[in-house]
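Numbering (our numbering), first residue to last: -8 to 93.
Cβ atoms here follow ideal geometry from the backbone N, Cα and C, with glycine treated the same way.
For reference, the structure discussed in these notes is given below.
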Ligand SMILES: [Zn+2]
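Set out below in structure tokens:
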């Protein structure tokens, strides 16, 4: 049975620290599949890592946590490459910053 971030206790949510905001409504960005998701939809994987919400995301469980970033923070990090990115992303849509791939 999959557990989602939204089902965690407040303390457990804070321990993940993907975003400074523990709200389920916070937008996160996955650098692996280049899609955005609500933090509350993220899945707790085996090994208790926070995983991307999309089942078809190919990130490995032990690396999944490192592919999730706060939407706003990631956008700001990209700077001008992300000027087209909206304040509120569309779930399932891919957002790519030109030359942003690490
Ligand atoms: Zn993903």
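Original post:
Can you give the Cα-Cα distance for residue 49 and residue 5, rounded to whole angstroms?
Top reply: 25 Å
Original post:
Would the beta-carbon of residue 62 fall within 8 Å of that of residue -1?
Top reply: no
Subject >> CB-CB length for residue 25 against residue 65, believed under 8 Å >> reply: In fact, because the Cβ distance is near 11 Å, the residues do not count as touching under 8 Å.
Original post:
Should residue 40 be labelled buried (16 or more other beta-carbon atoms within 10 Å of its own) or exposed?
Top reply: buried
Subject >> residue -5 versus residue 68 - alpha carbon distance >> reply: 27 Å
Original post:
Pick from 70, 78 and 7: whose alpha carbon is nearest that of residue 38?
Top reply: 7
Original post:
Identify the residues that DSSP records as bridge partners of residue 60: which are they?
Top reply: 20
Subject >> Bounding residues of the beta strand (DSSP E) (the contiguous stretch that carries residue 27) >> reply: 26 to 29
Original post:
Which residues bound the alpha helix (DSSP H) around residue 4?
Top reply: 1 to 7
Original post:
Is the Cβ-Cβ distance between residue 73 and residue 83 less than 8 Å?
Top reply: no
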